[in-house]
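Worksheet: the structure to be examined is printed underneath.
Numbering (UniProt numbering), first residue to last: 1 to 122.
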């Protein structure tokens with residue numbers, strides 16, 4: 001398995017959220033850095049999204065934001081996407097399925113991260 005570093009930044013999108021309708025919209029930016037000596041292509045993603053009420057949603061699919069980037073050694077790839085929760089707090093976690101040039105796939109875990117409306121504690 002190759003070595004990758006995952007960094008996540010999140011933000012609440014107040015202008016797109018409708019709290020009275022239990023619709024809380026968040027953006028997240030993920031940076032994937034290849035710490036290894038071989039390139040790898042991100043071919044699939046998997047997310048487990050849990051809101052503050054305990055409701056879970058699983059999301060999977062090809063690539064990220066319509067792309068299947070190849071990440072070269074020592075370089076990084078960043079993208080921004082979003083999630084809609086029915087509560088002001090929640091979490092996301094998952095993995096990326098990566099393909100090594102020359103054959104073989106492996107999963108790179110994305111550690112759990114928090115989505116939260118500022119100044120809300122649950």
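Even for Gly, the Cβ is constructed at its ideal location relative to N, Cα and C.
- Note that the C-beta distance between residue 83 and residue 28 is below 9 Å.
- Spanning the alpha carbons of residue 51 and residue 57 requires a straight line of approximately 9 Å.
- Distance between residue 87 and residue 24, taken at the CA atoms: about 6 Å.
- Looking only at 80, 108, 111, the smallest Cα-Cα distance to residue 12 is reached by 80.
- Taking the Cα positions, residue 106 is about 11 Å away from residue 3.
- Taking C-beta atoms under 8 Å as the contact rule, residue 72 and residue 34 qualify, at a distance of about 6 Å.
- Within the same chain, and ignoring the five residues on either side of residue 75 in sequence, the residues whose Cβ sits closer than 8 Å to its Cβ are 33, 34.
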